[in-house]
Structure formats: structure tokens, C-alpha cells
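Here is the structure we will look at, set down as C-alpha cells.
Protein chains: 2
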Amino acid sequence: MSRALQLSRQFSKRAVMEALLQQAPISRASIAKQTGLSKQTISEIVRHLEDAGWVIETGRTNGQVGRSAVTYEVVPDAAFVAAVDLGGTKVRVGLTDLRGAIVREATEFTRPEGGQVVVEQIGRLCLQAAAAAGVGRERVRIAVVGVPGAPDPSSGRVRFAPNIPDFDRMDVAAALEAVLECDVLLENDVNLAVQGEVWQGAGQGLDTLAFIALGTGIGGGLIVGGELVRGADNAAGELGFLPFGADPFEAESLRTGAFERLVASAGIRARYRTLTGGTDAPGMTVPEIFSRAGAGEPAATQVIDETACLLARGVAAIAAIANPSLVVLGGSIGSRPEMTERVRALLPGCMSSPVDVAASRLGPQAALIGAAAIGLSHLHNALFGADAPEAKLSLPPPRQAGSKA
Amino acid sequence: MSRALQLSRQFSKRAVMEALLQQAPISRASIAKQTGLSKQTISEIVRHLEDAGWVIETGRTNGQVGRSAVTYEVVPDAAFVAAVDLGGTKVRVGLTDLRGAIVREATEFTRPEGGQVVVEQIGRLCLQAAAAAGVGRERVRIAVVGVPGAPDPSSGRVRFAPNIPDFDRMDVAAALEAVLECDVLLENDVNLAVQGEVWQGAGQGLDTLAFIALGTGIGGGLIVGGELVRGADNAAGELGFLPFGADPFEAESLRTGAFERLVASAGIRARYRTLTGGTDAPGMTVPEIFSRAGAGEPAATQVIDETACLLARGVAAIAAIANPSLVVLGGSIGSRPEMTERVRALLPGCMSSPVDVAASRLGPQAALIGAAAIGLSHLHNALFGADAPEAKLSLPPPRQAGSKA
DNA sequence: CGCAGTTTGTTCGGTAGCAGAACTAATAGG
DNA sequence: CCTATTAGTTCTGCTACCGAACAAACTGCG
Numbered sequence: 001m002s003r004a005l006q007l008s009r010q011f012s013k014r015a016v017m018e019a020l021l022q023q024a025p026i027s028r029a030s031i032a033k034q035t036g037l038s039k040q041t042i043s044e045i046v047r048h049l050e051d052a053g054w055v056i057e058t059g060r061t062n063g064q065v066g067r068s069a070v071t072y073e074v075v076p077d078a079a080f081v082a083a084v085d086l087g088g089t090k091v092r093v094g095l096t097d098l099r100g101a102i103v104r105e106a107t108e109f110t111r112p113e114g115g116q117v118v119v120e121q122i123g124r125l126c127l128q129a130a131a132a133a134g135v136g137r138e139r140v141r142i143a144v145v146g147v148p149g150a151p152d153p154s155s156g157r158v159r160f161a162p163n164i165p166d167f168d169r170m171d172v173a174a175a176l177e178a179v180l181e182c183d184v185l186l187e188n189d190v191n192l193a194v195q196g197e198v199w200q201g202a203g204q205g206l207d208t209l210a211f212i213a214l215g216t217g218i219g220g221g222l223i224v225g226g227e228l229v230r231g232a233d234n235a236a237g238e239l240g241f242l243p244f245g246a247d248p249f250e251a252e253s254l255r256t257g258a259f260e261r262l263v264a265s266a267g268i269r270a271r272y273r274t275l276t277g278g279t280d281a282p283g284m285t286v287p288e289i290f291s292r293a294g295a296g297e298p299a300a301t302q303v304i305d306e307t308a309c310l311l312a313r314g315v316a317a318i319a320a321i322a323n324p325s326l327v328v329l330g331g332s333i334g335s336r337p338e339m340t341e342r343v344r345a346l347l348p349g350c351m352s353s354p355v356d357v358a359a360s361r362l363g364p365q366a367a368l369i370g371a372a373a374i375g376l377s378h379l380h381n382a383l384f385g386a387d388a389p390e391a392k393l394s395l396p397p398p399r400q401a402g403s404k405a
Numbered sequence: 406m407s408r409a410l411q412l413s414r415q416f417s418k419r420a421v422m423e424a425l426l427q428q429a430p431i432s433r434a435s436i437a438k439q440t441g442l443s444k445q446t447i448s449e450i451v452r453h454l455e456d457a458g459w460v461i462e463t464g465r466t467n468g469q470v471g472r473s474a475v476t477y478e479v480v481p482d483a484a485f486v487a488a489v490d491l492g493g494t495k496v497r498v499g500l501t502d503l504r505g506a507i508v509r510e511a512t513e514f515t516r517p518e519g520g521q522v523v524v525e526q527i528g529r530l531c532l533q534a535a536a537a538a539g540v541g542r543e544r545v546r547i548a549v550v551g552v553p554g555a556p557d558p559s560s561g562r563v564r565f566a567p568n569i570p571d572f573d574r575m576d577v578a579a580a581l582e583a584v585l586e587c588d589v590l591l592e593n594d595v596n597l598a599v600q601g602e603v604w605q606g607a608g609q610g611l612d613t614l615a616f617i618a619l620g621t622g623i624g625g626g627l628i629v630g631g632e633l634v635r636g637a638d639n640a641a642g643e644l645g646f647l648p649f650g651a652d653p654f655e656a657e658s659l660r661t662g663a664f665e666r667l668v669a670s671a672g673i674r675a676r677y678r679t680l681t682g683g684t685d686a687p688g689m690t691v692p693e694i695f696s697r698a699g700a701g702e703p704a705a706t707q708v709i710d711e712t713a714c715l716l717a718r719g720v721a722a723i724a725a726i727a728n729p730s731l732v733v734l735g736g737s738i739g740s741r742p743e744m745t746e747r748v749r750a751l752l753p754g755c756m757s758s759p760v761d762v763a764a765s766r767l768g769p770q771a772a773l774i775g776a777a778a779i780g781l782s783h784l785h786n787a788l789f790g791a792d793a794p795e796a797k798l799s800l801p802p803p804r805q806a807g808s809k810a
């Protein structure tokens with residue numbers, strides 16, 4: 001209630017910025033038509049934005065009848081978002097401008113020490129990227145960091161992040177803020193991947209969809225009504241614990257979920273081993289099993305088929321509960337075309353009106369792009385959305401490959 | 406975007422009404438403190454509301470230091486909501502005042518003819534209730550009707566409503582509007598039940614919870630972030646189609662879901678019949694099986710245990726995907742304490758941090774109360790929320806049993 | 001009883017953000 | 001060059017709000 005304290009100051013600045021972002025160069029008159037605000041108001045707002053350096057005059061229209069119009073655009077490098085995808089093995093950093101174009105990218109192996117060492121690694125990568133792009137650090141206004149775990153916004157810790165030592169015992173958010181000197185948002189990496197797929201990937205424009213990342217483990221992200229579903233303890237999308245596949249009441253299922261034990265890579269390899277007469281030898285990697293299946297080997301094919309069947313049941317479960325308009329399959333295993341096709345083929349066998357299924361289009365970049373999306377949205381809210389608590393920014397149209405300045 | 410056309414007229418009227426609703430008699434000064442608006446503004450808004458008849462002076466404070474304050478309250482009978490719960494066998498109607506108190510209630514057997522006959526039955530019940538409560542029909546501003554099916558807001562039809570003939574072939578919403586001469590909102594009955602449980606039942610105040618209605622069939626409702634999850638085709642919560650229990654890839658599972666075939670009443674009875682040496686006799690009703698289990702009969706106990714185990718898996722599936730803070734069990738079977746207890750006992754066996762489980766507290770009234778909740782929220786939005794698209798009304802504290810005038 | 005202190009409510013003046021009408025400016029096409 | 005058309009500005013005015021000053025009403029204490 002007391003959030004109505006500072007009331008609708010500049011209610012429309014956001015709307016103007018949005019129009020400015022989406023219809024690249026646009027005149028004030030057109031903005032007025034689109035937003036429904038009066039020409040007068042738009043002129044005023046645009047003047048303010050221009051004075052503040054967010055917007056700039058970039059040209060004039062001509063060709064049509066009537067007076068030619070001055071067109072404006074958002075100044076793309078007035079502020080930047082640092083998008084970070086922290087994985088167990090690699091850190092990926094992308095510096096994104098106000099339009100969402102990735103201006104600079106960098107990747108490194110994640111420092112195995114974890115904790116403060118990784119925090120400083122991320123800080124260094126971001127600042128280096130900014131420096132290399134000729135961007136002063138004060139223009140990097142927010143950093144969004146995807147982590148393989150469940151960030152707890154109140155303590156700044158990251159729970160369930162076995163791959164990054166100490167992240168569950170320190171205030172990661174605060175540490176990063178200290179290094180980067182800007183706001184930092186932590187988010188689960190799969191959640192970012194969903195956002196990425198919605199913005200520029202396989203789920204463009206949809207507002208209800210699910211994402212399944214199948215690889216070493218299995219994880220999911222769910223978007224409902226354009227909003228990420230986090231759940232009560234930030235544990236939404238823990239698909240590994242779906243109660244089928246292995247026996248969910250086995251003691252082992254409490255540690256590694258019943259579903260995960262069978263569909264994820266360890267399960268696939270184990271099934272192949274048993275099927276081929278299971279020596280206790282190291283066994284086959286999953287890509288090898290896939291290629292053998294491609295070559296027609298019956299055992300490999302059977303294992304892949306079984307996996308697809310399980311995955312289809314996972315998809316069906318999500319569909320029964322949340323009824324998304326699309327399920328995007330990602331991760332090293334899920335995004336393989338063989339897998340997506342099989343799942344798609346199986347679904348009509350267990351759902352009367354099967355969900356749409358698509359392979360991730362952004363692959364390993366999804367989380368990075370999602371981080372940029374969230375960062376941009378937050379940035380616009382902070383800068384132009386004084387009131388209107390959490391308006392969703394409808395982001396600019398995906399413009400592939402920014403000028404790698 | 407063009408929704409910003411008529412802009413923030415009376416941005417705060419809603420906030421004032423909300424305060425007025427929740428802290429029963431309240432002075433203007435206190436409203437000012439709570440909302441953060443100035444005393445001056447509050448006085449103005451309250452004057453308007455009073456002139457329009459929504460609010461009335463009801464007393465003065467005294468006892469504290471300082472000038473005594475005039476206190477105001479919402480005029481409870483300035484407008485009414487007709488809440489309707491249409492079931493296959495019974496129609497239940499409740500007339501609710503602005504505070505949410507049920508002023509009048511009525512129940513009848515649903516007319517088996519369906520279609521227009523049922524529409525007129527509902528209309529008659531509502532108008533009779535209003536008349537009996539001494540309320541002119543013009544004060545009934547909105548009707549919320551819970552139906553056993555999936556209402557399609559664009560066509561006004563109700564899909565998947567086998568129990569009400571013709572409802573899938575006519576514009577039910579329009580027909581009801583014609584009879585009642587007020588706005589009509591159709592909503593799935595389970596969805597209403599969830600809302601009811603959130604407002605006054607087992608899920609009070611929670612903003613992420615699931616509801617499972619287990620009886621003749623099985624259905625679910627999911628609330629995430631305070632918002633109902635409808636899904637892409639209004640088919641969220643079709644728990645019957647969860648891909649376990651029976652074989653999901655059987656042809657039969659396309660018609661009646663794999664999960665529903667086993668957990669719902671037909672499945673329970675079938676399992677009991679096979680277990681007791683399955684004659685093809687009519688068999689036992691579910692309540693009878695429950696009472697035999699209560700009496701210690703092994704076969705009945707086993708069947709109930711199995712059902713609970715299945716239900717627990719259903720709960721686990723929802724928890725894995727959406728991670729609600731509570732799962733409410735309802736329906737004639739789900740809300741039995743034996744069932745809730747068993748499920749609660751089983752969950753630690755298949756989830757490392759088990760969800761809370763509770764039996765429905767409102768029972769068959771849940772949908773009616775949920776309808777009232779939605780109606781009130783809509784009403785307040787329509788009356789006092791000129792802008793601010795779909796603000797959620799935080800409803801007044803549950804005040805049990807209104808004066809049955 | 002009367003005054004201090006405290007709280008309520010009103011009056012008055014002022015501001016931000018917007019609309020709308022009237023007007024000026026620039027352009028294309030004939 | 002004139003007309004139709006579109007872009008942008010100026011001016012007036014409204015609504016919803018704030019803040020300060022002030023009036024009104026009450027409690028409690030000396």
C-alpha cells in the first residue's frame with residue numbers, strides 16, 4: 001500500500017522509451033499515435049530524455065506527403081548491462097547495450113577455487129569487457145549473473161550450487177556489488193535460459209512456456225503469463241524429482257530424483273551398459289551412444305528411444321499441470337534434433353492434444369541472452385519506470401549480432 | 406499501449422477503498438498514514454466516495470489524546486455479487502455484499518435439460534435471492550459462475566462440460582447476461598475453489614499453492630504469485646493426464662487420463678473389486694470402501710493405501726514442477742482426513758523437503774466462496790480502479806457467516 | 001478550570017503531467 | 001504556386017495530488 005507513496009511521476013516515460021526501442025527510428029508524431037498520448041506530451045518527454053542523454057535525434061523522414069518528421073532513437077551506449085553465465089566449467093560474460101545488442105563477449109574457465117576468487121574473476125571479466133569496448137565502468141548499470149543453483153535473494157547466497165565452492169556460504173550478491181560497483185541480480189541459469197528463448201529463441205513472444213534442460217542433470221524453467229515461476233522455495237522446475245522413471249519411493253530417489261536417475265546422462269549410460277552386457281568398464285559417453293544410434297546400432301537406438309519416451313512423459317506431466325503453449329528442449333542431450341523429433345513423435349501417443357515441442361534455438365547462449373533480457377528490463381524499470389512496480393518491458397525485436405565494436 | 410489512453414484518473418481511490426475494507430471503521434487520518442497519501446487528498450476522495458454512496462460515516466473515536474476522529478466504513482449493501490456454483494447435480498447461489506459477507510444462499514438440483522433451461526434456473530435463483538434479501542436487481546453488479554468445464558472467454562461457450570447439456574454449443578455468458586442484466590464471469594469450478602481456499606480456507610494468504618480435487622474425476626488448480634494459472638488452452642490442472650498410474654501410452658489414456666483411471670473413484674472401486682475376487686457385481690461405493698478400511702478390512706485398507714500413494718505421487722509431480730508452498734486436497738475423496746494424513750505421511754518418502762499438505766477447509770463451499778472473491782475483486786476494479794489494469798484486491802479479512810438477513 | 005500537548009480535519013496555494021485547440025512549419029503533388 | 005497533409009509548438013486549462021498553515025476538538029495535568 002505504501003508503495004503508492006511516490007505516485008505516478010512520469011507515468012508515460014516508459015511507454016515512450018518502449019516505442020523508441022521497438023520502432024528503431026521514430027518521429028514524435030508516431031509515438032503520439034502509438035501511445036495515445038498527445039503530441040505535446042511526447043515532445044516534452046522526448047525533450048527530457050534527450051537532455052538526459054538517453055535519446056538522440058538521428059534523421060528525418062521524407063517521401064510521404066506532409067511535413068518531414070525528425071526521428072529519434074535510443075542512444076544505445078548510454079548504459080550497459082553485464083550479462084554473466086556462470087557455469088561449473090566456464091564463465092561467459094556479455095556486455096549488452098541499451099538496445100540489447102551484445103557489444104563484447106568473453107569466456108574463461110571457471111576458477112575452481114570458488115568463492116571470492118570466482119567473484120573477482122567475474123568482476124575482472126566484466127570490467128575488462130567494458131574497458132575493451134571503451135565503456136566507462138559507471139555506464140555499466142546492472143549485472144545479471146546466472147548461477148547453477150538457487151540464489152536466495154534475502155541472504156545473497158546461492159543454495160544447491162555444488163559446482164562452485166563456497167557460494168552457499170557467502171553473500172555472493174554483495175561481494176559482486178562491491179567489485180562491480182553496480183546493482184547485481186542473481187538468477188538460476190535455467191531460468192535465464194527460458195527468458196533467453198522467449199526473447200530471441202524458440203519461444204519468441206510466447207507468454208506461457210516451459211523449458212527442459214537435459215544434460216548431466218535435468219532442470220526446468222517455467223514461464224506463466226510472461227512471468228517466471230520460482231515457487232515457494234525457489235525450487236520450481238526441479239524436474240529431476242518427478243515421481244516416475246525410477247521408483248520415487250526408493251531411498252536413493254531422495255538424493256537424486258527418480259526421473260533424473262534415468263533420463264539424465266548417467267542413466268543413459270547405465271542403461272546402455274546393462275543392455276550391451278554390462279562390463280564394469282568406464283562405458284560409453286552419451287555423444288558416442290547417440291552416434292551409434294545414428295549408425296543404426298540396436299542397443300543404442302533402444303536406449304535413446306527409452307530416453308525419449310521418458311522425456312515425453314516429463315513433457316506430458318508439465319503439460320498436464322501447467323498447459324504451456326510450447327515446451328523448449330535444451331541442454332546437451334535435450335536439444336539434439338534426434339531427441340526433439342522422437343519426443344514430438346511420441347507425444348500424440350499420450351496426450352489427446354499434444355503440446356508443441358521445439359529444440360532450443362540459442363543453445364549454450366540462451367542463459368547469456370536471458371541475462372541480458374532481464375538486465376535490460378530492470379534497467380528500464382529503474383530508469384524510466386519510477387512508479388509502476390514491475391512493468392514488463394517488451395524488449396526490442398531481436399537484432400542478431402550487434403556491431404562487435 | 407493504447408490502454409494508457411485515459412490515464413491515471415483517481416489512482417488512489419482503490420487504495421482508499423482497500424484500507425476502508427480492511428480496517429473496518431477507520432478515520433481519514435489513519436487512511437492517510439497507511440496509504441502515504443496526504444490528509445487533504447484522502448478527505449477529498451472520501452467525500453467523493455460518500456457522495457456516490459459507497460462509504461458512510463459510522464462513528465467517532467474517543468479515549469486517545471487529541472481530537473476525536475470521524476470514522477468511515479464501506480456501505481456493505483451498496484452493491485452485490487452473485488456467486489454461483491453450478492455442478493452436475495446441484496446449483497448453489499450465494500448473494501454477497503461488498504464486504505464479502507454472504508447475505509443469502511440457495512441451492513437447487515440442476516435442471517437436467519441443460520442449456521437455456523439451466524441459464525434461466527440460475528437467473529431465477531439469483532433474482533429470487535436478491536428479492537428475498539430486499540436488494541434491487543440493479544444493485545447486483547456482477548455474477549461469477551463456476552462451471553464444471555473450461556469456459557472460453559472469447560465465445561462464451563463452456564468446453565468439456567459433459568454434465569451440462571448444450572453448454573458447449575451456446576454462448577452461456579451472453580445468455581446469462583441477458584437474464585441477469587449484469588456482467589457475468591464464467592470460470593472453471595476448481596479454479597474458483599482454489600481462490601476460495603486462498604481467501605478463507607486452508608491456503609489463507611498464500612500466493613503460491615495448488616489444489617487437487619479428487620472425487621469422481623480429478624482436477625487441479627494452481628495459483629502462482631497470487632495469480633491463477635490457466636495455461637495456453639485453459640487446460641492447466643488437467644491432472645488426470647499425468648503420465649503415471651496406468652500406462653500413459655495406452656490408447657485408453659487418451660480419453661481418460663492414465664492417472665485419473667487409477668486414482669479417481671472408478672479406479673478405486675475397480676481395484677477393490679479385483680482384490681476381493683472380482684465378481685462383475687455392481688461393487689462397492691467409495692465411501693463404503695473407506696468405512697471398511699476404517700474398520701480394518703485388509704483389502705479396503707490396501708486399496709486406500711495405494712490410492713494415497715498415487716495421490717502422493719501427484720502431489721510430488723506438482724511440487725517438482727511448480728513448487729507451491731501448500732497443496733490443498735479437496736473433493737469428496739481428497740478431503741477425507743484419512744487420505745490427507747496418508748499422503749502427508751508418504752511424502753517424506755519421495756521428496757527431500759516435502760510440501761505442506763492440507764485438507765480443504767471449505768469443502769463444497771469452496772467454489773462459491775471463490776466466486777465471491779473473484780466477483781468482489783472485479784467489482785472493485787471496475788468501480789474504483791479506473792486505470793491500473795488488473796490490480797489484485799486484497800480482500801477483507803474473512804468474516805465468517807454474515808448476518809443472514 | 002484552564003492551559004499544554006496532541007491529533008484531526010480544512011483552507012489555501014502550488015505543482016506535475018497531461019489534453020485539446022489553435023496555430024505555425026514543412027513537405028508532396030498537382 | 002496552391003492545396004492537402006502531416007509535424008511540431010504554443011497556449012490555456014484541467015485533474016490529482018502535495019505541503020504548510022491553521023482551525024477544531026479532545027485528553028490530561030497542574
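Quick note, the sequences are listed as chains A and B, same order.
Start counting the first sequence at 1; every next residue gets the next number (our numbering).
Start counting the second sequence at 406; every next residue gets the next number (our numbering).
C-beta atoms are modelled at their ideal positions from N, C-alpha and C, and glycine is treated no differently.
Keep in mind the model is a prediction, meaning the values are calculated, not measured.
Secondary structure at residue 265 (chain A): helix, using DSSP grouped into helix, strand and coil. Annotated three-state conformation of residue 342 (chain A) is helix, per DSSP.
Within the stretch 163–175 of chain A, no residue has its Cβ closer than 9 Å to any Cβ of chain B. The beta carbon of residue 225 (chain A) falls within 9 Å of a beta carbon belonging to chain B, placing the residue at that interface. Less than 9 Å separates the beta-carbon of residue 549 (chain B) from that of residue 776 (chain B). Between the C-alpha atoms of residue 17 (chain A) and residue 62 (chain A) there is a straight-line separation of about 23 Å. Positions of the alpha helix (DSSP H) runs, each at least 4 residues long and wholly inside the stretch 641–671 of chain B, are given as 657–660 and 663–668 in order along the chain.
By the Cβ neighbour-count rule, residue 443 (chain B) is exposed, with fewer than 16 other Cβ atoms within 10 Å of its own. By the rule that beta-carbons nearer than 9 Å mark a contact, residue 259 (chain A) touches chain B.
Counting along the chain, residue 276 (chain A) sits inside no beta strand (DSSP E), nor does DSSP assign it H or E at all. Under the three-state reduction of DSSP, residue 502 (chain B) is assigned to strand.
At a cut-off of 9 Å between beta-carbon atoms, residue 309 (chain A) makes contact with chain B. A Cβ of chain B is located within less than 9 Å of the beta carbon of residue 248 (chain A). Listed along chain B, the residues sitting closer than 7 Å to residue 208 (chain A) by beta-carbon distance are 636 and 637.
Listed along chain A, the residues sitting closer than 7 Å to residue 755 (chain B) by beta-carbon distance are 243, 248, 249 and 253. Residue nearest to residue 287 (chain A) within the set A:190, A:238, A:337 and A:123 is A:337 (criterion: CA-CA distance).
Around residue 234 (chain A), the same chain offers 150 as residues with beta carbons nearer than 6 Å, after the five sequence neighbours per side are excluded. In this structure, the beta-carbon distance from residue 333 (chain A) to residue 253 (chain A) does not fall below 9 Å. For residue 304 (chain A), not one C-beta of chain B is nearer than 9 Å to its own C-beta. Closest in C-alpha terms to residue 727 (chain B), from the list A:209, A:68 and A:303, comes A:209. Boundaries for residue 593 (chain B): no alpha helix (DSSP H) harbours it, while the beta strand (DSSP E) harbouring it runs 588–593, taken from the DSSP string. Put simply, the CB of residue 696 (chain B) is far from chain A, with every gap to its CB atoms at 9 Å or more. DSSP places residue 543 (chain B) in no beta strand (DSSP E); its state is neither H nor E. For the pair residue 174 (chain A) and residue 156 (chain A), the CB atoms are nearer than the 9 Å cut-off. Residue 459 (chain B) and residue 419 (chain B) have their alpha carbons spaced roughly 12 Å apart. Cβ-Cβ distances below 8 Å link residue 152 (chain A) to 158, 159 and 234 in the same chain, with the five nearest sequence neighbours on each side left out; the list follows chain order. Taking the CA atoms as reference points, residue 764 (chain B) sits about 56 Å from residue 75 (chain A).
Sequence-ordered contacts of the stretch 579–599 of chain B with chain A are nonexistent [C-beta pairs closer than 9 Å]. Boundaries around residue 59 (chain A) are those of the beta strand (DSSP E), 55–60, since no alpha helix (DSSP H) includes it. Selection B:521, B:790, B:573 and B:598 evaluated against residue 551 (chain B) yields B:598 as nearest (Cα-Cα). In the DSSP annotation of this structure, the continuous segment of the beta strand (DSSP E) that includes residue 625 (chain B) starts and ends at 623–629. Counting only Cβ-Cβ distances below 8 Å, residue 727 (chain B) has contacts in chain A at 222, 229, 231, 236, 321 and 322, in chain order. Judged by DSSP secondary structure, residue 104 (chain A) falls within the beta strand (DSSP E) whose first and last residues are 102–109. Under the Cβ distance rule, residue 749 (chain B) does not count among the residues neighbouring chain A, no pair being separated by less than 9 Å. Nearest CB-CB separation between residue 723 (chain B) and chain A: below the 9 Å threshold. Interface flag for residue 560 (chain B) against chain A is unset, since no Cβ pair is found closer than 9 Å.
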